[in-house]
Amino acid sequence: MGTVYQTFTPDAALFQTTAFPQLKTINGTNYPVMGLYYDGTVSELAYWQFKLRNYGAGVDMIVTLDWYADTAVANAVVWEAALAAITPDADTQDVETRAFGTAATVTDTHLTTTGQRLHTCSITLTGSGPLNSAADGDACWMRIARLPANAADGMAGDAVLIGWQLAYSDT
Amino acid sequence: MALTTVNRGRVLAQWMREQTTPLPAVSKADLAAAVAAMDDWLDANVTSLNAAIPQPARAQLSAALKFELVGYILMRRAGRLRAEEDG
């Protein structure tokens, strides 16, 4: 038994024609920092397409997000993750019309002190709804959004996602 | 006339997007309250503001132009208005 990790970068994200976070690279003092800038008032969504390998049947998936605040120094941000999964050769579902499974959220509060300090938080996809009945070998799409209209999302300005990780057991 | 709730929300949204400097420890709700209060204050004091404008500008400028001029003054005070003369 082991844990499988897949990592995803901002520049691998896919977008619809509207409501997408801006992909931006900032020239830091010593190195560039790339991220997706999720708006503080309008919900924006990004998508990643990937192959689900060595996935244990029906096990939880942990989505770990690394983010920082663009301008804020306090308050919380609400992130949401949703998964769509299709089993090749088995599912007759049209690949272009598959619906996402039940979305799951996490509220992460800015730890203050330094505005642009890095934060991490995790969303657990558990149960057949959120996992979208995913199986080993599936083609998958992950949607990651910020929910600025959520009452718990009080953080002003953009939240910058610099990457995320998917983890799950292989058994 | 005061801005509508929707317009106040859009003012705040755009202001947050254009922020380049760190904000103090305030929430979106705190900032929305500030926008509403300042807009209400402008509404309550618009007569006084108008009376402060000397003639003939007071009579000749439309309300929209007067608001725009106030906006330019405030933007300059905030360091957000750059003029061609600044080089």
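Chains A and B, in that order, are what the protein sequence lines are.
First residue of the first sequence: 1, per this note's numbering; consecutive thereafter.
First residue of the second sequence: 172, per this note's numbering; consecutive thereafter.
From the three backbone atoms N, C-alpha and C, an ideal C-beta is built for every residue, glycine too.
The structure displayed is predicted, hence computed values, not measured ones.
For residue 241(A), which residues from the same chain have a beta carbon less than 8 Å from its beta carbon, with the 5 sequence-adjacent residues on both sides left out? This structure gives no information on residue 241(A), because the portion of chain A shown stretches from 1 to 171.
Taking the alpha carbon of residue 134(A) as the point to measure from, which residue in 160(A), 90(A), 111(A) has its own alpha carbon closest? For the purposes of this step, residue 134(A) is identified with residue 134 of the first sequence, where counting begins at 1. Out of 160(A), 90(A), 111(A), 90(A) has the C-alpha closest to the C-alpha of residue 134(A).
Mind checking which residues open and close the beta strand (DSSP E) that includes residue 211(B)? The residue you call residue 211(B) lines up with position 40 of the second sequence. Unbroken run through residue 211(B) is the alpha helix (DSSP H), 199-215; no beta strand (DSSP E).
Going residue by residue through the stretch 106-139 of chain A, where are the continuous alpha helix (DSSP H) segments of at least 4 residues, counting only ones entirely within it? Taking only runs of at least 4 residues, the alpha helix (DSSP H) segments lying wholly in the stretch 106-139 of chain A are 128-131.
DSSP three-state call for residue 36(A): helix, strand or coil? Position 36 of the first sequence, counted from the start, is the residue given in the question as residue 36(A). DSSP places residue 36(A) in the strand class (E or B) of the three-state scheme.
Check each candidate in 221(B), 256(B), 226(B) and name the one with the smallest Cα separation from residue 239(B). Your numbering for residue 239(B) matches position 68 in the second sequence. A check of alpha carbon separations from residue 239(B) across 221(B), 256(B), 226(B) identifies 221(B) as the nearest.
Cα separation between residue 37(A) and residue 88(A)? Mapped onto the first sequence, residue 37(A) falls at position 37. Mapped onto the first sequence, residue 88(A) falls at position 88. If I take the Cα positions, the gap works out to 33 Å.
Please list the partners that residue 112(A) has in chain B, where partner means a Cβ-to-Cβ separation under 8 Å. Numbered from its first residue, the first sequence carries residue 112(A) at position 112. In chain order: 196.
Cα-Cα separation between residue 28(A) and residue 39(A), rounded to whole angstroms: One-based indexing of the first sequence puts residue 28(A) at position 28. One-based indexing of the first sequence puts residue 39(A) at position 39. Going by the C-alpha atoms only, they are around 21 Å apart.
Which of the three DSSP states is assigned to residue 147(A) in this structure? Numbered from 1 along the first sequence, position 147 holds the residue referred to as residue 147(A). Per DSSP, reduced to three states, the secondary structure at residue 147(A) is coil, with no helix or strand assignment.
Less than 6 Å between C-beta atoms, sequence neighbours within five positions excluded: which residues of the same chain meet that for residue 22(A)? The sequence position of residue 22(A) within the first sequence is 22, counting from 1. In its chain, beyond the 5 residues on either side, 37 have a beta carbon closer than 6 Å to the beta carbon of residue 22(A).
To the nearest angstrom, how far is it from the Cα of residue 126(A) to the Cα of residue 95(A)? The sequence position of residue 126(A) within the first sequence is 126, counting from 1. The sequence position of residue 95(A) within the first sequence is 95, counting from 1. Cα-Cα distance, rounded: 23 Å.
Please say whether residue 60(A) and residue 173(A) have beta carbons closer to each other than 9 Å? For residue 173(A) there is no data in the structure shown, the boundaries of chain A being 1 and 171.
With 9 Å set as the bound, which would you pick, yes or no: does the beta-carbon of residue 193(B) sit closer than that to a beta-carbon of chain A? Within the second sequence, numbered from 1, the residue matching residue 193(B) stands at position 22. For residue 193(B), a Cβ of chain A is located within less than 9 Å of the residue's own Cβ.
What three-state label does DSSP hand residue 84(A) in the structure shown? Mapped onto the first sequence, residue 84(A) falls at position 84. Here residue 84(A) sits in strand by DSSP.
Residue 81(A) classed as buried or exposed, judged by whether at least 16 other C-beta atoms fall within 10 angstroms: One-based indexing of the first sequence puts residue 81(A) at position 81. By the 10 Å Cβ count, residue 81(A) comes out buried.
Any beta-carbon of chain B closer than 9 Å to the one on residue 85(A)? Sequence index remark: in the first sequence, residue 85(A) carries index 85 (1-based). The beta carbon of residue 85(A) sits no closer than 9 Å to any beta carbon of chain B.
Shorter than 9 Å from the beta carbon of residue 246(B) to some beta carbon of chain A? One-based indexing of the second sequence puts residue 246(B) at position 75. Not flagged as an interface residue toward chain A: residue 246(B), since no C-beta distance is shorter than 9 Å.
Using a cut-off of 7 Å between C-beta atoms, extract the partners of residue 252(A) located in chain B. Shown here, chain A extends from 1 to 171; a query on residue 252(A) therefore has no answer.
What span of residues does the beta strand (DSSP E) with residue 31(A) cover, start to end? For the purposes of this step, residue 31(A) is taken as the residue at position 31 of the first sequence. Looking at the DSSP string, residue 31(A) is not in any beta strand (DSSP E), and its letter there is neither H nor E.
Between residue 75(A) and chain B, is the shortest Cβ-Cβ distance under 9 Å, so that the two count as touching? For the purposes of this step, residue 75(A) is taken as residue 75 along the first sequence, with counting starting at 1. Interface criterion met: the Cβ of residue 75(A) is under 9 Å from a Cβ in chain B.
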